[in-house]
Amino acid sequence: MLLAVLAPAFAGPARAAVVPGGVGAGGAVSVADVICVKQCIAVHKVRPGSTVRFRGSDLEEVSQVVFRGAGGPLKVTPMRRTERAATAVVPEGAVAGRPYVIDQAGHQSRPAPHKLFVLAPTTAPAPVVSSPATAYPIAGPHELWEGFGGTREHGGVDVGAACGTPLVAALPGKVEYNKYESRAGNYLVIDAEGVDADIIYMHMTAPSSLKVGTLVTAGTPVGTVGDTGNASGCHLHFEYWMGEAWLGGEAVDPLPYLKAWEAAG
Ligand SMILES: [Zn+2]
């Protein structure tokens with residue numbers, strides 16, 4: 116019914132709003148999934164203000180993404196578009212539904228196969244026992260030592276702190292590795308929940324007590340600052356990977372994240 120209401124609004128200047136089928140036209144936008152990538156509650160659970168990524172094909176042609184709203188469709192201009200992905204922010208007033216996209220020619224994709232659950236911001240005042248969304252990974256005095264990249268292609272950021280200072284999960288997620296390596300020392304990898312990212316803690320005093328597979332929330336203690344492995348002085352070597360650490364992902368500069376978490380904390 117919503118689509119029927121919507122169609123006239125997008126019919127445009129005397130142009131068919133229906134994707135021509137089987138004419139070999141190609142370039143018809145399609146949506147295979149919509150996942151939350153920022154300010155998420157879960158992969159398919161969001162609030163207004165969350166950033167979602169549409170996955171599909173020919174998405175570089177997207178001119179508008181359309182969410183279901185309580186009073187009718189809510190159209191939004193995507194922030195970024197590539198052939199396989201388009202990102203957009205969930206607008207105020209959006210409700211649970213299956214978003215779709217419209218390309219520059221006015222063609223409309225099918226709705227996403229999975230429902231995107233939108234929690235109203237007003238219905239859920241913060242629960243009494245709530246965990247923060249993020250936390251600075253060092254729970255104690257610390258100072259920035261060395262940044263990302265540089266001549267030695269540093270894969271993370273070094274933050275100095277007294278040995279024994281508690282380390283906490285910066286993001287909610289799941290423990291993916293808990294190991295020792297000669298350079299990294301005792302290290303821990305957390306697969307962040309709701310974002311396609313891994314975070315890594317190196318040089319911990321001792322192996323983390325958290326078993327692989329353990330779920331953590333932001334602020335969960337994961338270990339303590341140490342100088343195990345190849346470390347001159349007590350510090351945390353912290354890495355942020357887009358995608359899977361070491362397995363096809365890419366280490367990016369963690370400093371913007373660290374700053375944001377520190378400001379939020
Ligand atoms: Zn380092």
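Residue 116 is where the sequence shown starts when you use the numbering used here, and the numbers rise one by one after that. Glycine residues also receive a C-beta, built at the ideal position from the N, C-alpha and C atoms.
Beta strand (DSSP E) segments (min. 3 residues) lying fully within the stretch 322 to 361: Runs of the beta strand (DSSP E) inside the stretch 322 to 361: 336 to 339 and 350 to 357.
Nearest to residue 272 by CA position, among 353, 182, 149 and 379, is which residue? By one-based count along the sequence shown, residue 272 stands at place 157. Comparing Cα positions, the closest option is 353.
Taking C-beta to C-beta, are residue 168 and residue 146 nearer than 7 Å? Mapped onto the sequence shown, residue 168 falls at position 53. Mapped onto the sequence shown, residue 146 falls at position 31. Not in contact: residue 168 and residue 146 (Cβ atoms no closer than 7 Å).
Going straight from the alpha carbon of residue 213 to that of residue 180, what length do you get? Residue numbering aside, residue 213 sits at position 98 when the sequence shown is read from its first letter. Residue numbering aside, residue 180 sits at position 65 when the sequence shown is read from its first letter. Whole-angstrom Cα-Cα distance: 11 Å.
Euclidean distance between Cα positions of residue 185 and residue 207: The residue given as residue 185 occupies position 70 in the sequence shown. The residue given as residue 207 occupies position 92 in the sequence shown. Their Cα atoms are separated by approximately 10 Å.
Can you pull every residue whose C-beta falls closer than 5 Å to some heavy atom of ligand 1, listed in chain order? The set, ordered by position in the chain, is 273 and 352.
Any beta carbon of chain D sitting closer than 7 Å to that of residue 308? Protein chains in the displayed structure number just one, and chain D is not present.
Beta-carbon contacts of residue 219 that lie in its chain and below 7 Å, excluding the five residues immediately before and after: Your numbering for residue 219 matches position 104 in the sequence shown. Excluding positions up to five away in sequence, the list reads 176 and 178.
Applying the criterion that 16 or more other CB atoms from any shown protein chain within 10 Å of the CB defines a buried residue, is residue 286 buried or exposed? To locate residue 286, count along the sequence shown from 1; it is residue 171. By the neighbour-count rule (16 or more Cβ atoms within 10 Å), residue 286 is buried.
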